[in-house]
Amino acid sequence: MAEWNEPIVTPPIISLRGIVNRFGRQVVHDGVDLDIRRGEVLGIVGGSGTGKSVLLRTIIGLNRPAAGTIEVFGMKLLDLSASERRRIEERWGVLFQNGALFSSLTVAENIEAPIKEHTDLAESLRREIADLKIRLVGLAPEAAAKYPSELSGGMKKRAGLARALALDPEILFLDEPTAGLDPIGAAEFDELIRSLQRSLGLTVVMVTHDLDSLAAICDRIAVLVDKRIKVGTLAELQRDDHPWIRAYFHGPRARAAGIDAAAESPQPSAAS
Amino acid sequence: MGREALDLLAFFGSLVETLAGLVMRPARLRWVSVVSHIERTGLNALPIVGMISFLVGVVLAFQGADQLRRFGAQVFTVNMVGISVLREMGILLTAIVVAGRSGSAFTAEIGAMQVNEEVDALRVTGLDPMEVLVAPRVIALVIALPLLTFFADMMGLLGGGVMSVLLIDVSFGQYWRLLNNAVALNTFIVGLVKAPVFALLIALVGCFEGLRVSGSAESVGRLTTRSVVEGIFLVIIFDALFSILFSYIGV
Chain W
5 MAEWNEPIVT
15 PPIISLRGIV
25 NRFGRQVVHD
35 GVDLDIRRGE
45 VLGIVGGSGT
55 GKSVLLRTII
65 GLNRPAAGTI
75 EVFGMKLLDL
85 SASERRRIEE
95 RWGVLFQNGA
105 LFSSLTVAEN
115 IEAPIKEHTD
125 LAESLRREIA
135 DLKIRLVGLA
145 PEAAAKYPSE
155 LSGGMKKRAG
165 LARALALDPE
175 ILFLDEPTAG
185 LDPIGAAEFD
195 ELIRSLQRSL
205 GLTVVMVTHD
215 LDSLAAICDR
225 IAVLVDKRIK
235 VGTLAELQRD
245 DHPWIRAYFH
255 GPRARAAGID
265 AAAESPQPSA
275 AS
Chain H
192 MGREALDLLA
202 FFGSLVETLA
212 GLVMRPARLR
222 WVSVVSHIER
232 TGLNALPIVG
242 MISFLVGVVL
252 AFQGADQLRR
262 FGAQVFTVNM
272 VGISVLREMG
282 ILLTAIVVAG
292 RSGSAFTAEI
302 GAMQVNEEVD
312 ALRVTGLDPM
322 EVLVAPRVIA
332 LVIALPLLTF
342 FADMMGLLGG
352 GVMSVLLIDV
362 SFGQYWRLLN
372 NAVALNTFIV
382 GLVKAPVFAL
392 LIALVGCFEG
402 LRVSGSAESV
412 GRLTTRSVVE
422 GIFLVIIFDA
432 LFSILFSYIG
442 V
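Chains as they are written, first to last, in the working numbering: chain W, 5 to 276; chain H, 192 to 442.
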């Protein structure tokens, strides 16, 4: 892996500055700054209620922040006209938590929907692209004609991933990609994301709870604490002495995921 | 309450904007979805709407004949049935049945999509939920409700006719002739012009509440109830407004 500590040469692909989100009187984010580099896999973690998904939704434009700027591909998202925004949206794909497949359409039609909306490709060509994406995410070709209600949770996520990849995006946003999968399925999904990221040159931003995913595929991790963000590699965050970050990366589950073993722990902590 | 009314008004505004956009580019409208919603909200509602209207016609004639007999004016039962079915009962009952049947279905369908994040997925894909989900439902109901109302009017008159033949000693031929004298084309039109407006109200509220669903299945249930109650409430308010308008312009 490249050394991430060397100075950044290319500008960040996504850049958040001073993002403030509040719901009623409750402030969720208070001045979040975050730079995401091209070609990295960034994991966003945080306790429940710290607004991980809200942050993701803010970047992809489903939630308008109360203050702050969002730059993607060097353009300020909040100032763009509708048609300029559309051109940006074509360059990213989103996988929602349970796939969020359109329930009235088959898997193939789901994948074709964004292609139909953003291009003028002929129907036969659209169909070919859909078949290709279905194979790309490791689904059986028969899945193409199935409706979302006929698929298992893991297959829905794969189909959702295929739809997110339909327009050959540069950035992939994932909301808890491994939640609800059994450990084997989760490991396979991690592996799939990693291999797609490498072969397609994607930048991946994922919200996750899964320490195994963090250890296995994330280049850097962004931790939401105290309404702001701390970013670093796994090794850097393990040396951080913020109480929540310590608890997260040195807890029993972290040890089970083999994270804690990597860091030198000064004294043997009591296991519970 | 006031806040919600404002939100609904804003929603109506953005619907008008979307519809204007669709008039400019009709190819963008989901025609398949429109036809499928006409089938579900119109065709499939025929049995229940027909049965209710028929029975209301029967009840009106029965009660009317009973009261009017005291004045020896039994024959005016036909006038009463004709005017009340065509002006008020046909459209109002149809609108209430449709609000309960289709308004609730709109809210539940869109609400379930909201819970499943499908609506977000639409937005992210660059599809406008207003164009894909709301416009086809509104257009379908605006087409279906007047047709249903016409059917309800006919069934109501038929029910009234059957009862009149049984109670007041007229033949079917005489019933139709009396009816012909009692009602003018105006009476029928006054009832029917309300249908598209009521359809718009029901579809608007149904879709609006559906898009307000957030997070849980519990919220789908709560907002579905709300959508039916608000839909019926608005229909009756507007029916009253129509009455005032019609008496003002003298029809």
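For each residue, glycine too, the CB sits at the ideal point set by N, CA and C.
- One Cα belongs to M304(H), the other to F106(W), and the distance between them is close to 8 Å.
- Rounded to the nearest whole angstrom, the C-alpha separation of F429(H) and V266(H) is 32 Å.
- Straight through space, the alpha carbons of T232(H) and T340(H) are spaced by roughly 12 Å.
- At a Cβ-Cβ threshold of 8 Å, I48(W) and L66(W) do not count as neighbours.
- Between the beta-carbon of A168(W) and that of L99(W) there is about 5 Å, and that keeps the pair under the 8 Å contact cut.
- In summary, Q242(W) is buried, with 16 or more beta-carbon neighbours lying within 10 Å of its beta-carbon over all protein chains present.
- For T285(H), no beta strand (DSSP E) run applies; the uninterrupted alpha helix (DSSP H) run containing it begins and ends at G281 to V289, by DSSP.
- Non-local C-beta neighbours of A134(W) in its own chain, meaning closer than 6 Å and more than five positions away in sequence, comprise A112, I115 and E116, ordered along the chain.
- Counting C-beta pairs with one atom in each stretch, the segment 209-220 of chain H and the segment 320-329 of chain H have three or more that are closer than 8 Å, which means they touch.
- In the structure shown, S19(W) adopts extended strand secondary structure according to DSSP, grouped into three states.
- Non-local C-beta neighbours of F297(H) in its own chain, meaning closer than 7 Å and more than five positions away in sequence, comprise R328, A394, G397, C398 and G401, ordered along the chain.
- The continuous beta strand (DSSP E) containing R232(W) extends over residues R232 to G236.
- Taking the CA atoms as reference points, R29(W) sits about 35 Å from E44(W).
- With contacts defined as CB atoms closer than 8 Å, G352(H) and S244(H) fail to qualify as a contacting pair.
- With its beta carbon at least 8 Å from every one in chain H, H213(W) lies outside the interface.
- The segment 376-389 of chain H makes contact with the segment 272-282 of chain H; the number of CB pairs closer than 8 Å reaches 3 or more.
- For the segment 68-99 of chain W, the set of residues with a beta-carbon nearer than 7 Å to any beta-carbon of chain H comprises R90, E93 and V98, in chain order.
- Look at I359(H) here: in three-state DSSP terms it is coil, with no helix or strand label.
- Among the residues facing chain H, N25(W) is not included, as its CB has no counterpart in that chain under 8 Å away.
- Among the residues of chain W, those whose CB is under 8 Å from the CB of L318(H) are A117 and E121, following chain order.
- Interface with chain H (8 Å Cβ-Cβ cutoff): L241(W) is excluded.
- At a cut-off of 8 Å between C-beta atoms, L228(W) does not count as an interface residue with respect to chain H.
- Contact between G294(H) and V419(H) is confirmed by a C-beta separation of about 6 Å, below the 8 Å threshold.
- In the displayed model, F106(W) falls within coil according to three-state DSSP, outside both helix and strand.
- The criterion of a C-beta distance shorter than 8 Å is not satisfied by A290(H) and G204(H).
- The three-state reading of DSSP puts V229(W) in strand, counting E and B together.
- At a cut-off of 8 Å between C-beta atoms, S107(W) counts as an interface residue with respect to chain H.
- For A71(W), the uninterrupted beta strand (DSSP E) segment begins and ends at A71 to V76.
- Under DSSP, L178(W) forms a beta bridge with L99(W) and M210(W).
- Not one beta carbon of chain W lies nearer than 8 Å to the beta carbon of R216(H).
- As summarised for the segment 141-189 of chain W, the continuous alpha helix (DSSP H) elements at least 4 residues long and confined to that stretch are 157-168, given in chain order.
- When rounded, the separation of the alpha-carbon atoms in L46(W) and L414(H) is 38 Å.
- Check the Cα spacing between E230(H) and each of G364(H), L336(H) and D311(H): the tightest is with L336(H).
- Taking 8 Å as the CB threshold, I64(W) lines the interface with chain H.
- In the three-state reduction of the DSSP assignment, I64(W) falls in the coil class, being assigned neither a helical nor a strand state.
- In the three-state scheme derived from DSSP, where H, G and I count as helix and E and B as strand, F341(H) is classed as helix.
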